[in-house]
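Worksheet: one structure, shown below.
Numbering (full-length UniProt numbering), first residue to last: 1 to 168.
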């Protein structure tokens, strides 16, 4: 899908609605290519169904149960954190800070501490269990680890080798 992340849209709903009028980069089924637009659409559907902003849902259903207290999608909290890591690009032999302007959090924009990331990874390594409490059934985790495309991409996880998978 083309036109994946237009920062000019004022809301996630406007962005999600715009996807219906965008173009396909190639015919369906002809080729595989990552697109964040699907994650943005899922985020929008989740907001509508849950009747709450994605940030609130994420905090309530994922971050709080996983005790990930230093993780957020709140742009004000991110920008207010002086210890956050900032990516850089090289231009004319100079480091240029990258903008943190990711307009839709479905496909990106989550900031987390190393400790919180370790809890998130451990959750997957424990097949949906954290602190001896099951938060996600094993079948859902298995579906995430099951390749469903020609590029060995599961449900949100790219599988590099038979024994290696990376959650995105």
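Note that beta-carbon positions come from the ideal geometry of N, C-alpha and C, so glycine has one too. These numbers come from a predicted model, not from an experiment.
Measuring straight from C-alpha to C-alpha, what distance separates residue i and residue j?
i	j	result
residue 143	residue 151	15 Å
residue 87	residue 19	28 Å
residue 139	residue 127	9 Å
residue 137	residue 80	36 Å
residue 131	residue 115	15 Å
residue 52	residue 75	17 Å
residue 23	residue 38	14 Å
residue 9	residue 21	14 Å
residue 121	residue 133	15 Å
residue 98	residue 42	26 Å
residue 29	residue 91	37 Å
residue 82	residue 60	25 Å
residue 31	residue 11	30 Å
Give me, in chain order, the residues of the same chain whose beta-carbon lies closer than 8 Å to that of residue i; leave out the 5 immediate sequence neighbours on both sides.
i	result
residue 62	68
residue 148	154 and 155
residue 129	123 and 135
residue 55	72, 73, 74 and 105
residue 141	124, 127 and 128
residue 26	33
If the criterion is Cβ atoms closer than 9 Å, does the pair residue i and residue j meet it?
i	j	result
residue 33	residue 16	no
residue 123	residue 66	yes
residue 13	residue 64	no
residue 118	residue 70	no
residue 85	residue 96	no
Apart from the five residues just before and just after residue i, which ones in its own chain have a Cβ nearer than 7 Å to its Cβ?
i	result
residue 174	The question about residue 174 has no answer here: the residues shown for the chain are numbered 1 through 168.
residue 94	none
residue 50	57
Give me, in chain order, the residues of the same chain whose beta-carbon lies closer than 6 Å to that of residue i; leave out the 5 immediate sequence neighbours on both sides.
i	result
residue 146	154
Measuring only from the beta carbon, is residue i closer than 8 Å to any heavy atom that is part of the ligand NAD?
i	result
residue 39	The model on display carries no ligand, and the ligand NAD is accordingly not part of it.
Whole alpha helix (DSSP H) elements within the UniProt domain "Beta-lactamase-related" (13-153), 4-residue minimum: 37-50, 54-58, 75-80, 114-125 and 138-145
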